[in-house]
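A.B. asks: Below is one structure. I have some questions about it.
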Amino acid sequence: GENVEQHPSTLSVQEGDSAVIKCTYSDSASNYFPWYKQELGKRPQLIIDIRSNVGEKKDQRIAVTLNKTAKHFSLHITETQPEDSAVYFCAASYPGANNLFFGTGTRLTVIP
Amino acid sequence: DTGVSQDPRHKITKRGQNVTFRCDPISEHNRLYWYRQTLGQGPEFLTYFQNEAQLEKSRLLSDRFSAERPKGSFSTLEIQRTEQGDSAMYLCASSQDRANTEAFFGQGTRLTVV
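As you go down the protein sequences, you meet chains A and B in turn.
Heads up: the first sequence begins at 1472 in our numbering, then just goes up one per residue.
Heads up: the second sequence begins at 29 in our numbering, then just goes up one per residue.
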């Protein structure tokens, strides 16, 4: 099966700075990489995803990059705001898999 | 709220008791998943349904766990003879019937076994 590792486990940034969270995966067949945000006591919600036919995807202040050769992908949040504070999970899935394989999460704290 | 709903939100039970959780997916979603999440970890896959058929179960799903989706709509997850190690957040998710599509999560049922 797939093994996803995520770093760092905690991240604190000043409001307005950028935050970067990195993930690696083990199965070269994986082709779908979503990122979920989970605020305290709430459900995980998809914030962005990328498929292996593209190297980068942006949505306003959020971007994800994918390096298939190195089997790693990253989440970039620019101009961070206090409401970005949450736990972020990366995940991966390969063709034929019926589930997502999640990383262990990164707790992001944006300091006002 | 037309999202995925789970009931109850919290459950405290004594070791050895049976518990049952319910998940109502988004109505047009054929796929339904159960995950377990413990503190400081990401969600771990338990089982998957396509309509009423349970198509995959992970090794985490011991014999004490059973899940059903009798009419292809709501699903139940039952844990028999609960153990302290079963304490976790149980998350349900649903998605449309195609690969690599967004999974919508419910708010989860937090189980505490005392």
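For each residue, glycine too, the CB sits at the ideal point set by N, CA and C.
Give the DSSP-derived three-state secondary structure of B/GLN108 in the structure shown.
C.D. replies: If you number the second sequence from 1, residue 108 of chain B lands on position 80. Coil, per DSSP.
A.B. asks: Name the one or two DSSP bridge partners that A/PRO1505 has.
C.D. replies: As a first step, residue 1505 of chain A is located in the first sequence; it is residue number 34 there, counting from the start. A/PRO1505 is bridged to A/ASP1520.
A.B. asks: Using a Cβ-Cβ distance under 8 Å, would A/LEU1517 count as near chain B?
C.D. replies: As a working note, residue 1517 of chain A is residue 46 in the first sequence. It does; some Cβ of chain B falls within 8 Å.
A.B. asks: How about A/PRO1566: is its C-beta nearer than 8 Å to some C-beta of chain B?
C.D. replies: Looking up residue 1566 of chain A in the first sequence gives position 95. Yes, because at least one Cβ of chain B sits closer than 8 Å to the Cβ of A/PRO1566.
A.B. asks: Comparing C-alpha positions only, which one of A/SER1501, A/TYR1507, A/ASP1530 and A/GLU1486 sits nearest to A/ARG1522?
C.D. replies: Your numbering for residue 1522 of chain A matches position 51 in the first sequence. Answer by Cα proximity: A/SER1501.
A.B. asks: Judging by CA-CA distance, which residue of A/SER1499, A/PRO1505, A/ARG1532 and A/SER1497 is the nearest neighbour of A/GLU1554?
C.D. replies: Here residue 1554 of chain A corresponds to residue number 83 of the first sequence, with the count starting at 1. Closest option to A/GLU1554, Cα to Cα, is A/ARG1532.
A.B. asks: Can you give the Cα-Cα distance for B/ALA127 and B/LYS39, rounded to whole angstroms?
C.D. replies: Indexing the second sequence from 1 puts residue 127 of chain B at position 99. Indexing the second sequence from 1 puts residue 39 of chain B at position 11. Those two C-alpha atoms are separated by around 33 Å.
A.B. asks: Kindly indicate which three-state DSSP category B/ASP114 falls into: helix, strand or coil?
C.D. replies: What you label residue 114 of chain B is simply residue 86 of the second sequence in a count that begins at 1. Of the three classes helix, strand and coil, the one that applies to B/ASP114 here is helix, per DSSP.
A.B. asks: Is the shortest distance between the beta-carbon of A/TYR1559 and the beta-carbons of chain B less than 8 Å?
C.D. replies: Reading the first sequence from its first residue, position 88 is the one you call residue 1559 of chain A. For A/TYR1559, the answer is no, since every Cβ of chain B falls outside 8 Å of its Cβ.
A.B. asks: My understanding is that B/TYR118 touches B/ARG43, with C-beta atoms under 8 Å, so please give their C-beta distance in whole angstroms.
C.D. replies: Counting from one through the second sequence, the residue named residue 118 of chain B turns up at place 90. Counting from one through the second sequence, the residue named residue 43 of chain B turns up at place 15. Not really, about 17 Å apart at Cβ, beyond 8 Å.
A.B. asks: From A/VAL1475 to A/GLY1576, what does the alpha carbon distance come to, in whole angstroms?
C.D. replies: By 1-based counting over the first sequence, the position of residue 1475 of chain A is 4. By 1-based counting over the first sequence, the position of residue 1576 of chain A is 105. Cα to Cα, the separation comes out at about 10 Å.
A.B. asks: Which class does B/ASP52 belong to by DSSP, given the choice of helix, strand or coil?
C.D. replies: One-based indexing of the second sequence puts residue 52 of chain B at position 24. B/ASP52: strand per DSSP, three-state reduction.
A.B. asks: For my contact list, A/ARG1514 and B/PHE73 are in at a C-beta cut-off of 8 Å; report their separation, rounded to the angstrom.
C.D. replies: Residue mapping note: residue 1514 of chain A aligns to position 43 of the first sequence, counting from 1. Residue mapping note: residue 73 of chain B aligns to position 45 of the second sequence, counting from 1. Between B/PHE73 and A/ARG1514 the Cβ distance is about 16 Å, and since that is not below 8 Å, they are no contact.
A.B. asks: Quick check on the burial criterion: 16 or more other C-beta atoms within 10 angstroms. Buried or exposed for A/THR1551?
C.D. replies: The residue labelled residue 1551 of chain A in the question sits at position 80 within the first sequence. Label assigned to A/THR1551: buried.
A.B. asks: Under 8 Å between the Cβ atoms of B/CYS51 and B/SER86?
C.D. replies: Here residue 51 of chain B refers to the residue found at position 23 when the second sequence is read from its first residue. Here residue 86 of chain B refers to the residue found at position 58 when the second sequence is read from its first residue. It is not a contact, given that the beta carbons lie outside the stated cut-off.
A.B. asks: Roughly how many angstroms separate the alpha carbons of A/THR1495 and B/VAL142, rounded to a whole number?
C.D. replies: Counting from one through the first sequence, the residue named residue 1495 of chain A turns up at place 24. Counting from one through the second sequence, the residue named residue 142 of chain B turns up at place 114. If you take the alpha carbons of A/THR1495 and B/VAL142, they lie about 37 Å apart.
A.B. asks: Can you say whether A/TYR1524 is buried or exposed, counting buried as having 16 or more other CB atoms within 10 angstroms of its CB?
C.D. replies: Walking along the first sequence from the start, residue 1524 of chain A turns up at place 53. Here residue 1524 of chain A turns out to be Asn, not Tyr, going by the sequence shown. By the neighbour-count rule (16 or more Cβ atoms within 10 Å), A/ASN1524 is not buried but exposed.
A.B. asks: Which residue wins for smallest C-alpha separation from A/ILE1582, given the options A/GLY1472, A/THR1536, A/HIS1478 and A/ASP1488?
C.D. replies: By 1-based counting over the first sequence, the position of residue 1582 of chain A is 111. If we check each option's Cα against that of A/ILE1582, A/ASP1488 comes out closest.
A.B. asks: Any C-beta of chain A within less than 7 Å: which residues of the stretch 69-93 of chain B qualify?
C.D. replies: Flagged, chain order: GLN69, GLY70, PRO71, PHE73, TYR76, LEU83 and GLU84.
A.B. asks: Is it buried or exposed, B/ASP20, if we count other Cβ atoms within 10 angstroms and call 16 or more buried?
C.D. replies: Missing from the structure shown is residue 20 of chain B; chain B here goes from 29 to 142 and no further.
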